[in-house]
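S.K.: Going by full-length UniProt numbering, the sequence shown runs without a break in its numbering and finishes at 137.
Glycine included, C-beta positions come from ideal geometry on N, C-alpha and C.
Questions regarding the structure given below will be posed in turn.
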Amino acid sequence: MSIEQNLEIIKNALSNGENVLITGNAGVGKTTLLRTLERDLEAEQDTKVVYFSGYEHQSSYYETALNEVEIAELINMKQGKKVILIDGLFSFQNTLTYVRKSTRIVAVEQNINESQLKKQMEHSRVADINFTKIINL
């Protein structure tokens with residue numbers, strides 16, 4: 001599928017109140033898809049988008065502090081659409097514990113199938129998040 005087709009699938013899922021997980025091997029375009037989605041969503045009115053990268057999270061204290069401020073703003077936002085984009089789902093277990101169910105989540109995790117996801121979710125702090133749409137690139 002093209003990036004445009006995948007974007008349309010993700011946007012429809014978000015409009016329907018679904019959380020989306022994007023999986024696939026390294027280099028297939030998961031991060032590119034997530035960054036393109038970020039750009040598109042930020043152009044929409046009344047939409048707050050927060051982007052987390054597991055790679056930046058592990059290497060930058062400043063980036064982690066900035067993300068914590070953004071997530072606090074998102075949690076306290078009363079109106080509008082709230083979307084969290086996560087590149088590296090299981091790097092942000094602590095942060096996601098505080099996210100309200102009205103916030104939509106689009107996450108990327110490398111090389112994980114549905115049964116592995118279910119098992120890992122059961123043993124993590126993100127067990128309450130239901131990814132109803134899974135896209136394998």
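Assign K30 to buried or exposed, taking buried as 16 or more other Cβ atoms, counted over all protein chains shown, within 10 Å of its Cβ.
M.R.: Buried, since its Cβ has 16 or more Cβ neighbours within 10 Å.
S.K.: Excluding sequence positions up to five away, which residues of its chain have a Cβ less than 6 Å from the Cβ of I112?
M.R.: Once the five neighbours on either side are set aside, the close Cβ partners of I112 are T23.
S.K.: Tell me whether the beta-carbon of L137 lies closer than 8 Å to the beta-carbon of V28.
M.R.: Contact: yes.
S.K.: Whole angstroms is fine: what's the gap from A26's alpha carbon to T32's?
M.R.: Straight-line Cα distance between these residues: approximately 12 Å.
S.K.: Any idea if K82 is buried or exposed, counting beta-carbon neighbours within 10 angstroms, 16 or more meaning buried?
M.R.: Buried: at least 16 other Cβ atoms inside 10 Å.
S.K.: Use the C-beta contact count for T97: other C-beta atoms within 10 angstroms, 16 or more gives buried, fewer gives exposed.
M.R.: By the neighbour-count rule (16 or more Cβ atoms within 10 Å), T97 is not buried but exposed.
S.K.: Considering Q45, what are the terminal residues of the beta strand (DSSP E) in which it resides?
M.R.: No beta strand (DSSP E) contains Q45, which DSSP labels as neither H nor E.
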